[in-house]
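Chains as they are written, first to last, in full-length UniProt numbering: chain A, 1 to 148; chain B, 1 to 148; chain C, 1 to 415; chain D, 1 to 415. Ideal placement from N, C-alpha and C gives every residue a C-beta, glycine not left out. Note that the structure is a prediction, hence the values are computed from the model and not measured. Worksheet: one structure, shown below.
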Amino acid sequence: MTIKEQQDELISDFSFMENWMDKYEHIIQLGKELPLIDDKYKTPDHLIKGCQSQVWLHTEMQDGKLVFTADSDAVITKGLVSLMVTVFSGHTPKEIAESEIYFIDAIGLSNHLSPTRSNGLLSMLKQIKLYAVAYEAKSQSQKNGTEL
Amino acid sequence: MTIKEQQDELISDFSFMENWMDKYEHIIQLGKELPLIDDKYKTPDHLIKGCQSQVWLHTEMQDGKLVFTADSDAVITKGLVSLMVTVFSGHTPKEIAESEIYFIDAIGLSNHLSPTRSNGLLSMLKQIKLYAVAYEAKSQSQKNGTEL
Amino acid sequence: MQHVPDITVPALDVEKIRKDFPLLQEKVYGQPLVYLDNAATTQKPQVVLDTLIEYYTRINSNVHRGVHHLSQEATNAYENSRKIIASFINARKPEEVIFTKGTTDGINLIAYSFGRGEIKPGDVVLASAMEHHSNIVPWQMMCEDRGAELKIIPMDEKGELLMDEFSALLTDKVKIIAVTYVSNSLGTVNPVRDIIAQAHARNIPVLLDAAQAVQHMPVDVQELDVDFLVFSGHKIYGPTGTGVLYGKEEWLDRLPPYQGGGDMIKTVTFAKTIYNVLPYKFEAGTPDISGAIALGTAVQYVQQIGVENIQAWEEQLVEYAVQQLQQIEGIRFIGNPRHRSGAVSFLVYDIHPYDLGELLDKQGIAIRTGHHCAEPVMDFFCIPGTVRASFAVYTTFEDIDRLVAGIKKAVSMLR
Amino acid sequence: MQHVPDITVPALDVEKIRKDFPLLQEKVYGQPLVYLDNAATTQKPQVVLDTLIEYYTRINSNVHRGVHHLSQEATNAYENSRKIIASFINARKPEEVIFTKGTTDGINLIAYSFGRGEIKPGDVVLASAMEHHSNIVPWQMMCEDRGAELKIIPMDEKGELLMDEFSALLTDKVKIIAVTYVSNSLGTVNPVRDIIAQAHARNIPVLLDAAQAVQHMPVDVQELDVDFLVFSGHKIYGPTGTGVLYGKEEWLDRLPPYQGGGDMIKTVTFAKTIYNVLPYKFEAGTPDISGAIALGTAVQYVQQIGVENIQAWEEQLVEYAVQQLQQIEGIRFIGNPRHRSGAVSFLVYDIHPYDLGELLDKQGIAIRTGHHCAEPVMDFFCIPGTVRASFAVYTTFEDIDRLVAGIKKAVSMLR
Ligand SMILES: Cc1ncc(COP(=O)(O)O)c(C=O)c1O
Ligand SMILES: Cc1ncc(COP(=O)(O)O)c(C=O)c1O
């Protein structure tokens, strides 16, 4: 699935839920299924700034695609991280860097999460995009390197 | 006239005036008729504290009675001082010290003057009573002195 | 239905009181609001709002020095509010009541002025282990500035001050003690009479942070013999941006001023400035006139209900809350003081307080989560934060029932 | 009937505007109120009052850090007001806008923080001869504390700054210049662009006291390139107890904080405290949430009318007032600047301003008398005070006619 398709699927999943308690149930469930980060990556430099709860995010390149693992000390946050990972994991840096992200607003998360939580979500998004841009730049310069 | 009679006369004078502009006319007029203080008494220690405009007050004992002269750099204040002087001048320290002052409220001055001005009026009243008490105390101690 | 304990003092008609607070009639996420974040700020009764509007539509004007009618009316109302507040805390004189922006402003004022006037290098300031940041940071800044040291009265696991250690800390180096009357994070009511007595035996003045006290219990500054006392208007049903600093006249006369500007001076030349008398010396600039006046109304509102009645009612609420919350599996109270007022802090299993708070919110229940601006307390208990429910005169037993049910539901989802 | 000059820019419907202000409908001593004390404080439009009530009845809650719905709504509204104000003065970022209690509070903040961070013994602070006490005393206090010196940019008999003398005062010792944009006692509009340019040529930052500017003329902090700018909310149709400090991000980041307490710190331990980012670093304690939000509404109100339109209207009022007052026998203007805004100060014969003020008041006309918190200005002119009429968007030509008639009547009684 493309990043766009992933988002549309999430939006559709959430659209069937009547109220916010149900949506939270779902978010929490997704959090429980999140591929856990290796404990050795739970270090301060893997922490994402701007979250009231702690969020660790690790990125790895596998076959030209970025794979994210993450964890949080708060369960709902973990669920939100999981949404991010679902959308972004397994795509190339270029795809991620160029993607347009609309599912957060579409699901209503930006309006209904507490502001610190939704700020945290935006920090996460920023961090993921930054990783992608960095990887993309690196691979570009390597490419340029071999062509020299 | 006693202090009480003086007050009643003032109250009656003012009661004929319909509005505050007329009352002020009258106050200003009284100010113009105020027995002026000798210039040599216009010194800082004759100043009354607590007035926004400057008020000098001088007290003299004549035949066992206190005589007040005063001045102010503001005309309305001068009129108010004049009310005070009219009520108190020419009475014994004892009469002044023991007098009950009600004309300020009865005329409505405390409600209708600007607060700094009515504070000033109260300061003046306090000062006059202080003078009286001081003179009274002095004369008592002198009496006691001769009797010793 | 939960069991409601015997209500011993029904001197307070809570249903009638609730009608006075427009915001309590609101719904959140389709649910009637349960507002249990009163330690952060209280809701305002209609009379307070009416006072604000009455002020702005009838007498709004700058106070003091004004010759015109509006200015006179505004000044009267403003100074009358000072008198109401003075009588509420039983100050000797209205001049001992200084209007501030809030507790934080009041503490900063004293920390600065006291530091400037009284503190030498090597001196010591005492605060307690359960202070709000607002009663720590101003003293830290002042101590840094003056080369003084901030020392801490420790507490135990129950959240009670260790009074022996306090006595041991009282050396001749101690120049002032700043301590909270009631802890906002633990609910502990401190033995302030004992603290003040011991301090005064050594001529040390005491500042009480009464931000969580004045709305919950009778506070009499003369009976306490306290030197400085501060509180926030917005936590006692008054407007935001208001607060009170009480100081003994001797002290306020003695300390240098804090802010400079209009009203706080008697005469200004470029060479020399002579400061005004109390209370103006400490009220530089145009004050929050409408706020101060409406705070007077809020205090009168409290007086009408009777602060003793509020105390009796809230003590039952706290007791009931502790009793009901105890029955939640996995709950752990943070702070278990003998004498508690206004707030209950807790955690459930290892659930992040933030998660619990979010799911309570979605059920229409407003509580606070986090460190409650008392990080040293969190560090002491080695926790990232707590969930805190805090009460007011309009809190009901049903509110607490909804809280307990809400927690149970949230816990079932989160585990 | 007085002659009304050609109204060149009728872009403003003053009768409609007056209806927005409930207090203007009041009578004083049976007379329709003529309110000409706007430099002291302005009246508030209904929308500002509505915002206050809406806040308290719908979303009142403490801001920041709150997990629940109300806290979220209150935080959004509060931060949105910061954005409105940032855009009003064209700040680069909302974070450059700090909410204060008023102009006095803002100047004290900068005087303290700048003093603490940047001033050494022997340094010089420059202020002007026409400053309000609030822009003198904080600098005096800071200079005393730091062993620095306050020097004064002199003015002439017209009430205009002597710019040559200003240039001569600019030595390497000067570390900051604090000057008023518009004089509250004389109405003078200072050549602030020139002052800033000369200051910046020497890397000296400038603080503008815009308390009498923002409500009368467009103010663009980027175009001015000013380093700090302060104003009061209550003088621009907002609530009492509110104000704004604008500071360039570089400066605000660089200066140490002012007050300590909740919100202005990132982490607190008893050993070390780490300060928060802008704007929170300078906003300790619970802010005046309702006030800040309603100030945003007041600013929007001004924006809707258009501050250029207000300026054009008020310029005509000032011109008309000067022209009409001139015809009063014995009148003497205090300050006759080429460029004047918002206020006219004067004396008539040797009549005490206080007497004049009192008799105007009894005719329903509210003006201010006295030193206007600018005693050095009074000393300069060797007078005890002035009578000052000051204008706002809702002032009319009829108001000025009533003022002139009122003065004539008072003078006839007083002489
Ligand atoms: C030029 C000027 N600066 C400072 C101030 C002080 O403002 P505030 O009293 O709102 O702090 C005023 C208002 O009186 C003023 O006109
Ligand atoms: C004990 C205590 N001290 C100080 C404060 C700070 O009060 P404010 O934010 O109103 O200045 C609070 C409120 O949060 C508090 O609970």
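Quiz item: So Leu186/D and Pro337/D are in contact, right, with Cβ under 8 Å, and what is the actual spacing, rounded?
Solution: Start at 1 with the first residue of the fourth sequence, and residue 186/D comes out as number 186. Start at 1 with the first residue of the fourth sequence, and residue 337/D comes out as number 337. About 6 Å; that satisfies the 8 Å criterion.
Exercise. Go ahead and label Val277/D buried or exposed: buried means 16 or more other beta carbons lie within 10 angstroms of its beta carbon, across all protein chains shown.
Key: Against the fourth sequence, residue 277/D aligns to sequence position 277. Exposed is the call here.
Quiz item: Just reading off the alpha helix (DSSP H) that Arg82/D is part of, what are its end residues?
Solution: Counting from 1 along the fourth sequence, the entry for residue 82/D is found at position 82. That run of the alpha helix (DSSP H) goes 69 to 88.
Quiz prompt | Contact set for Gly296/D: own chain, Cβ-Cβ below 7 Å, skip 5 residues either direction | solution = Looking up residue 296/D in the fourth sequence gives position 296. Once the five neighbours on either side are set aside, the close Cβ partners of Gly296/D are Asn80, Ser81, Ile84, Ile85.
Self-check item: Rounded separation between Asp105/C and Val221/D - CA only
Solution: Within the third sequence, numbered from 1, the residue matching residue 105/C stands at position 105. Within the fourth sequence, numbered from 1, the residue matching residue 221/D stands at position 221. Going from the Cα of Asp105/C to the Cα of Val221/D covers about 28 Å.
Quiz item: By the criterion of Cβ-Cβ separation under 8 Å, what are the contact partners of Trp20/A in chain C?
Solution: Mapped onto the first sequence, residue 20/A falls at position 20. Ordered by position in chain C, the residues that pass the 8 Å Cβ test against Trp20/A are Tyr29, Lys362.
Quiz item: Can the beta-carbon of Gly204/C be found less than 8 Å from the beta-carbon of Ile177/C?
Solution: As a position in the third sequence, residue 204/C is number 204, starting the count at 1. As a position in the third sequence, residue 177/C is number 177, starting the count at 1. Before going further, note that residue 204/C is Ile rather than Gly in the sequence given. Contact: yes.
Self-check item: CA nearest to the CA of Thr188/C, picked from Asp263/C, Val318/C, Thr75/C
Solution: On the third sequence, residue 188/C is found 188 positions in, with the first residue counted as 1. Out of Asp263/C, Val318/C, Thr75/C, Val318/C has the C-alpha closest to the C-alpha of Thr188/C.
Exercise. Could you pull the start and end residues of the beta strand (DSSP E) that Tyr275/D belongs to?
Key: By one-based count along the fourth sequence, residue 275/D stands at place 275. Note, Tyr275/D: beta strand (DSSP E), 273 to 275.
Quiz item: Going by alpha carbons, who is nearest to Gln140/C out of Leu109/D, Ile274/D, Arg368/D?
Solution: Position 140 of the third sequence, counting from 1, holds the residue named residue 140/C. Nearest C-alpha to Gln140/C: Ile274/D.
Self-check item: Cβ separation of Lys101/C and Leu126/C, assumed to be a contact under 8 Å, to the nearest whole Å
Solution: Within the third sequence, numbered from 1, the residue matching residue 101/C stands at position 101. Within the third sequence, numbered from 1, the residue matching residue 126/C stands at position 126. That pair is no contact at about 25 Å.
Quiz item: Based on Cα-Cα distance, which residue from Ile89/C, Gly406/C, Glu149/C, Asp37/C lies nearest to Lys272/D?
Solution: Position 272 of the fourth sequence, counted from the first residue, corresponds to residue 272/D. Of the listed residues, the one whose Cα sits closest to Lys272/D is Glu149/C.
Quiz item: the stretch 55 to 69 of chain D: which residues have C-beta closer than 9 Å to a C-beta of chain A, in chain order?
Solution: His64, Arg65, Gly66, Val67, His68, His69
Exercise. Mind checking who Ser72/B pairs with in its DSSP beta bridge?
Key: As a working note, residue 72/B is residue 72 in the second sequence. Paired residues: Val55/B.
Practice problem: Leaving aside the five residues before and after Tyr41/A along the sequence, list all residues of the same chain whose C-beta is less than 7 Å from its C-beta, in chain order. | Solution: Residue numbering aside, residue 41/A sits at position 41 when the first sequence is read from its first letter. Counting only Cβ-Cβ distances below 7 Å, and skipping sequence neighbours, we find Trp56, His58.
Exercise. Using only the heavy atoms of ligand 2, determine whether one of them is closer than 7 Å to the beta carbon of Gln140/C.
Key: To locate residue 140/C, count along the third sequence from 1; it is residue 140. Checking the Cβ of Gln140/C against ligand 2 gives no.
Quiz item: Using a C-beta cutoff of 8 Å, does Ala74/A count as contacting chain C?
Solution: Walking along the first sequence from the start, residue 74/A turns up at place 74. Yes, contact with chain C.
Quiz item: Counting along the chain, where does the alpha helix (DSSP H) carrying Glu9/B start and finish?
Solution: To locate residue 9/B, count along the second sequence from 1; it is residue 9. That run of the alpha helix (DSSP H) goes 3 to 15.
Quiz prompt | Residue nearest to Tyr55/D in terms of C-alpha spacing, selected from Leu70/D, Lys44/D, Arg65/D | solution = The residue you call residue 55/D lines up with position 55 of the fourth sequence. If we check each option's Cα against that of Tyr55/D, Leu70/D comes out closest.
Practice problem: Report the three-state DSSP secondary structure of Met264/C (helix, strand or coil). | Solution: As a working mapping, residue 264/C is identified with position 264 in the third sequence. For Met264/C, the secondary structure class from DSSP, reduced to helix, strand or coil, is coil.
Exercise. In the DSSP assignment, find the beta strand (DSSP E) that holds Thr386/D and state where it starts and stops.
Key: Reading the fourth sequence from its first residue, position 386 is the one you call residue 386/D. It spans 386 to 390 - the beta strand (DSSP E) in which Thr386/D sits, taken as one unbroken run.
Self-check item: Beta-carbon proximity check, Ser341/D vs Val230/D, cutoff 8 Å
Solution: The residue labelled residue 341/D in the question sits at position 341 within the fourth sequence. The residue labelled residue 230/D in the question sits at position 230 within the fourth sequence. No, Cβ-Cβ distance for Ser341/D and Val230/D is not below 8 Å.
Quiz item: What is the rounded straight-line gap between the Cα of Ala292/C and the Cα of Val48/C?
Solution: Your numbering for residue 292/C matches position 292 in the third sequence. Your numbering for residue 48/C matches position 48 in the third sequence. Computed Cα separation, rounded: 11 Å.
Quiz item: Near Pro22/C, which residues of its chain fall below 7 Å by C-beta distance, leaving aside the five closest residues on each side in sequence?
Solution: Position 22 of the third sequence, counting from 1, holds the residue named residue 22/C. Result list for Pro22/C: Gln46, in chain order.
Quiz item: Who does Ser123/B pair with in a DSSP beta bridge?
Solution: For the purposes of this step, residue 123/B is taken as the residue at position 123 of the second sequence. BP columns for Ser123/B are empty, so no partner.
Quiz item: So is the beta-carbon of His64/D under 7 Å away from any non-hydrogen atom of ligand 2?
Solution: As a first step, residue 64/D must be located in the fourth sequence, where it is residue number 64. It does not: the Cβ of His64/D is nowhere closer than 7 Å to a heavy atom of ligand 2.
Quiz prompt | Residue span of the beta strand (DSSP E) that contains Asp209/C, given as start and end | solution = Translated into the one-based positions of the third sequence, residue 209/C becomes position 209. First-last of the beta strand (DSSP E) with Asp209/C: 206 to 209.
Practice problem: Drop a sphere of 10 angstroms on the beta-carbon of His339/C, count the other beta-carbons inside from all chains shown, and report buried for 16 or more, exposed for fewer. | Solution: Locating residue 339/C in the third sequence gives position 339, where the first residue counts as 1. With fewer than 16 Cβ atoms within 10 Å of its Cβ, His339/C is classed as exposed.
Practice problem: Determine, using beta carbons only, whether Glu147/B comes closer than 8 Å to chain C. | Solution: Within the second sequence, residue 147/B is the residue found at index 147, counting from 1. Its pLDDT being 40, under 50, Glu147/B is placed unreliably in this model, and the value from its coordinates should be taken loosely. No, Glu147/B does not count as interfacial toward chain C.
Quiz item: So, helix, strand or coil for Lys27/D, using DSSP?
Solution: Here residue 27/D is taken as the residue at index 27 of the fourth sequence, counted from 1. It is a strand residue.
Exercise. Below 8 Å on the Cβ atoms is my guess for Leu414/D versus Ile351/D; work out the distance and round it to an integer in Å.
Key: Your numbering for residue 414/D matches position 414 in the fourth sequence. Your numbering for residue 351/D matches position 351 in the fourth sequence. Right, the Cβ-Cβ distance comes to about 5 Å (below 8 Å), so this counts as a contact.
Quiz item: How about Val232/D: is its Cβ closer than 7 Å to a heavy atom in ligand 1?
Solution: As a position in the fourth sequence, residue 232/D is number 232, starting the count at 1. With the sequence shown as reference, residue 232/D is identified as Ser, and Val is not the correct amino acid for it. Within the cutoff, so yes.
Quiz prompt | Gln212/C: CB within 7 Å of a non-hydrogen atom of ligand 2 | solution = Residue numbering aside, residue 212/C sits at position 212 when the third sequence is read from its first letter. Gln212/C: yes, Cβ under 7 Å from ligand 2.
Exercise. Return the chain-ordered list of same chain residues with a C-beta closer than 7 Å to the C-beta of Val404/C, the five sequence neighbours on each side being excluded.
Key: Looking up residue 404/C in the third sequence gives position 404. Excluding sequence neighbours, Val404/C sits near Gln324, Leu325, Ile328.
Quiz item: So, do the stretch 55 to 66 of chain D and the stretch 279 to 293 of chain D have three or more beta carbon pairs nearer to each other than 8 Å?
Solution: yes
Quiz item: So who's on the other strand from residue 416/C, going by DSSP bridges?
Solution: Outside the shown range of chain C, which is 1 to 415, sits residue 416/C, and nothing can be said about it.
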